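Taking it in order: structure first as structure tokens, then the write-up.
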Amino acid sequence: MSAVLGHIHFWLYKKIQLIAEREQIIKKEAQTRLDDLADELYATAIDLYGKPIPPDRQLDRIIDHNNIHGWLQNQLQTSSVREATFIKDLTDCGGDDGIDAVLEAFIKQGAMCGTEAKEKLTAQTAPAIYTVMQDYYVNGMPCDPSDTVIEQTDTTFSWYGNHQNQISYWKTAGVNPIIMAAAFQAWFSAFVSHVAPDFAFNVNLDGDIPVYTIAKS
């Protein structure tokens with residue numbers, strides 16, 4: 008990343024803000040199922056990792072201009088671990104209700120993002136859907152390794168769903184990676200069905216490794 012603010016920095020900042028937005032959706036869904044417990048568990052995550060950046064804060068006014076890359080990397084890590092910590096506590100303490108709250112929140116945000124992304128979709132193809140999804144899905148820093156693509160045609164796009172750029176955040180939080188993977192799979196499915204209703208998101212296994220596929224229905 009450069010030492011001057013550019014498009015890629017604002018692009019990443021928007022995605023970091025989407026994590027904070029999803030935290031609030033999770034909290035709301037949890038409140039309907041777990042009442043005050045949801046607030047207590049969210050307060051614990053805030054105590055550990057601080058409050059999210061308010062959504063109206065402009066990047067150029069709050070970023071450390073002498074350490075642009077480091078500032079964004081820290082915000083990405085803090086936001087990701089705070090969300091994962093909240094999810095861990097919800098699912099540990101709230102059981103099935105906690106899991107349901109998390110999955111519903113990911114579905115809702117995936118649907119909202121997919122609906123918004125319709126206007127940005129450059130073609131009704133599986134690779135185009137995957138590409139536009141990267142504007143909303145936090146998949147590490149731009150300098151991190153990209154997904155390993157298995158197949159790419161107009162009607163099918165497949166990649167290994169190992170969440171290599173997220174797993175370290177999950178380990179820090181101590182959250183069950185199966186729950187986190189299921190949450191993101193729900194997000195992907197909702198996003199794809201709303202951005203391009205003729206396509207669907209599917210999960211298969213290649214040995215022990217999940218294979219994620221966007222395919223025409």
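Per the working numbering, numbering of the sequence shown is gapless, rising by one per residue and ending at 224. We put the CB at the ideal spot given by N, CA and C, even for glycine. A quick note: this is a predicted structure, and the numbers were derived from the prediction, not measured.
Straight-line Cα distance separating D42 from L83 = For this step, residue 83 is matched to residue 76 along the sequence shown. For this step, residue 42 is matched to residue 35 along the sequence shown. About 29 Å.
T98 and I26: beta carbons closer than 8 Å?
-> Looking up residue 98 in the sequence shown gives position 91. Looking up residue 26 in the sequence shown gives position 19. Not closer than 8 Å, so no.
Compare the C-alpha of I15 against each of Y56, E47, I32 and Q80 and name the closest.
-> Here residue 15 is taken as the residue at index 8 of the sequence shown, counted from 1. Selected option, being the one with the closest Cα: Q80.
Distance, Cα to Cα, W177 vs K35?
-> Indexing the sequence shown from 1 puts residue 177 at position 170. Indexing the sequence shown from 1 puts residue 35 at position 28. Cα-Cα distance, rounded: 22 Å.
Where do the N-terminal and C-terminal ends of the beta strand (DSSP E) with D213 fall, by residue?
-> Position 206 of the sequence shown holds residue 213. Taken as a continuous stretch (DSSP letters only), the beta strand (DSSP E) holding D213 covers F206 to D213.
Answer with buried or exposed for F93, where buried requires no fewer than 16 other C-beta atoms within 10 angstroms of its C-beta.
-> In the sequence shown, the residue the question calls residue 93 occupies position 86. Buried, since its Cβ has 16 or more Cβ neighbours within 10 Å.
Host beta strand (DSSP E) of I216 (start-end) = Locating residue 216 in the sequence shown gives position 209, counting from the first residue. It spans I216 to K223 - the beta strand (DSSP E) in which I216 sits, taken as one unbroken run.
Specify the secondary structure class of V156 as computed by DSSP and reduced to three states.
-> Indexing the sequence shown from 1 puts residue 156 at position 149. V156: strand per DSSP, three-state reduction.
Thinking G168 and Y137 are a contact (beta carbons under 8 Å), I'd like their distance in whole angstroms, please.
-> Start at 1 with the first residue of the sequence shown, and residue 168 comes out as number 161. Start at 1 with the first residue of the sequence shown, and residue 137 comes out as number 130. The Cβ separation is near 12 Å, so there is no contact.
Rounded to whole angstroms, what's the CA-CA distance from T122 to V109? Just pull it up for me.
-> On the sequence shown, residue 122 is found 115 positions in, with the first residue counted as 1. On the sequence shown, residue 109 is found 102 positions in, with the first residue counted as 1. C-alpha separation (whole angstroms): 20 Å.
What residue range is occupied by the uninterrupted alpha helix (DSSP H) comprising Y20?
-> In the sequence shown, the residue the question calls residue 20 occupies position 13. DSSP places Y20 in the uninterrupted alpha helix (DSSP H) bounded by H14 to L41.
Determine the burial state of P62: buried for a count of at least 16 other Cβ atoms within 10 Å of its Cβ, exposed for fewer.
-> On the sequence shown, position 55 is the one that residue 62 refers to. Label assigned to P62: exposed.
Counting only the same chain and skipping the five closest in sequence on each side, list residues whose C-beta sits under 8 Å from that of L128.
-> Locating residue 128 in the sequence shown gives position 121, counting from the first residue. A135, I136, V139, V202 and A203, listed in sequence order.
Applying the criterion that 16 or more other CB atoms from any shown protein chain within 10 Å of the CB defines a buried residue, is F17 buried or exposed?
-> As a working note, residue 17 is residue 10 in the sequence shown. Exposed.
For K95, does the count of other Cβ atoms within 10 angstroms reach 16, so buried, or fall short, so exposed?
-> Stepping through the sequence shown from its first residue, residue 95 is reached at position 88. Classification for K95: buried.
Nearest CA to the CA of N73: which residue from S153, V145, W166 and V11?
-> For this step, residue 73 is matched to residue 66 along the sequence shown. The shortest C-alpha separation from N73 is found at V11.
Can you name the start and end residues of the alpha helix (DSSP H) that T98 belongs to?
-> Looking up residue 98 in the sequence shown gives position 91. Unbroken alpha helix (DSSP H) run through T98: I75 to A124.
Name the DSSP beta bridge partners of T163, please?
-> Numbered from 1 along the sequence shown, position 156 holds the residue referred to as residue 163. The partner list for T163 (beta bridge, DSSP) reads A222.
Closest by CA to Q116, which one among K22, D215 and E47?
-> Indexing the sequence shown from 1 puts residue 116 at position 109. Relative to Q116, the option among K22, D215 and E47 whose CA is nearest is K22.
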